[in-house]
C-alpha cells in the first residue's frame, strides 16, 4: 500500500497526460437534437429549418450545449461489463488521495468547431492540476482541475469542458 | 436570398442592457423530458421516491445538462440564429423542482471585438425561483459585427472563444 505522498506523486505524474480516450456509442443524430430543443422549447430555426441551417451554418448543426450528450452511454447494452464514468479522473483522485467527499465548484465549456449530424466524436480526460492541501468550510482537501476534450472524426477540436473539483474529508464535529 | 430577418448586431448592444426575462412553470414532465433528452438516466431525475429517500431532496429536479440547454435557448432567443456560443461557466447553487416557476434573466457585462475581428458579448445570467438564485451562468456569445458578418463562418485562428 502506497503512502499518501506516493499516491499524490502518482497522480501529479498524470498531469497533462490524456486518459480514458473513447468514442461515442453512436453518431450525432437529429432525433436527439429535436428532442433536446423540444425539452426547452428552443425554436431556433437553425435546428428546425434546413434552409436557414444551409444559409447560416452551411448545413445542420447540433446545439453546442449538447456536447456531452453524445457521450452518455446507453442505459443498457448487450455484453457490457464495465463503463468509464464521464469524469473517471475525478473518481480516481478521490480514491487514490483518500478524500471520500467531493464537490464540483465550477464547470466551464468552450465551444470550437460546430458538431454536425453524422459526426462520430471522441473524448479524452486530462488532469491539469492538483492543489496543495487547503482548508475550507467543508473540510480539508485538495482542489483539482480536469479538462474533458472532444474532437470529431477529422481530429478537429469541437469543445473542451473544464471542471474544478474539491475532494475533502469532513471536519470533525467539535 | 436572406432567410434570417433579424439577429442582434454588436453595435446595437451596450454594457448594462438587460435581456427579456423568461418565465417557465416547471412540471414533472419538464424534468423527465429534460433528463431523457440529455441521456441522463440517473433516477433522481425521474423517480421521486429515489430523489426523496436517497438524495434527501423534496422531489425530482432539473439536471445540469438540461439547464445548459435552457440557458442556450435563452441566449439564442435574444441573439437570433447568427448568435454562436463561445463559452459558458456554470455555478450550481440549488435545485429546481416540479411546481417551481423558474425565471431566467441576464444582463450584458461586456462588449468587444477580438483581434480576429469577431464580435463578442459577455453576459451574466441567472436562474431564480422565488428570487432565490439556483444557477448562475457567465456566457460569451459571438454576434455579427454588422449585417453580413457571420460568426458561424469562423474557423481556426478566426474563432477564439
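Protein chains in written order, with the numbering used here: chain A, 84 to 257; chain B, 371 to 531.
Glycine residues also receive a C-beta, built at the ideal position from the N, C-alpha and C atoms.
Problem - Cutoff 8 Å; reference residue 215 (chain A); Cβ partners in own chain excluding five residues on either side - result: 225
Exercise for the section: Determine, using beta carbons only, whether residue 497 (chain B) and residue 509 (chain B) come nearer to each other than 8 Å. Expected result: no
Practice task
Express the C-alpha separation of residue 377 (chain B) and residue 407 (chain B) in angstroms, rounding to a whole number.
Solution key: Using only the alpha carbons, I get a separation of about 27 Å.
Exercise for the section: Determine whether the Cβ of residue 433 (chain B) lies closer than 8 Å to any Cβ atom of chain A. Expected result: Taking 8 Å as the threshold, the shortest C-beta distance from residue 433 (chain B) to chain A does not fall below it.
Problem - Burial state of residue 516 (chain B) (16 or more Cβ within 10 Å) - result: exposed
Handout entry: Reduced DSSP secondary structure (H/G/I, E/B, other) of residue 492 (chain B)
Key = In this structure, residue 492 (chain B) counts as strand in the three-state DSSP scheme.
Practice task
Note down, in chain order, every chain A residue with its Cβ under 7 Å from the Cβ of residue 460 (chain B).
Solution key: 190
Practice task
State the start and end residues of the unbroken beta strand (DSSP E) segment that holds residue 405 (chain B).
Solution key: Element bounds for residue 405 (chain B): not the beta strand (DSSP E) but the alpha helix (DSSP H), 398 to 407.
Handout entry: Residue burial classification, residue 114 (chain A) (beta-carbon count within 10 angstroms, cutoff 16)
Key = exposed
Practice task
Give, in chain order, every unbroken run of the alpha helix (DSSP H) that is at least 4 residues long and sits entirely within the segment 120 to 202 of chain A.
Solution key: Secondary structure remark: continuous alpha helix (DSSP H) runs of at least 4 residues inside the segment 120 to 202 of chain A, in chain order: 133 to 140, 171 to 179.
Problem - Contact with chain A by residue 522 (chain B), beta-carbon distance below 8 Å - result: yes
Practice task
For residue 442 (chain B), go through chain A and note every residue whose CB falls closer than 9 Å to its CB, in chain order.
Solution key: 123, 125, 127, 146, 147, 148, 149
Handout entry: Residue-chain proximity (residue 241 (chain A), chain B), Cβ-Cβ < 8 Å
Key = Not an interface residue.
Handout entry: CB contact check: residue 173 (chain A) to chain B, cutoff 8 Å
Key = no
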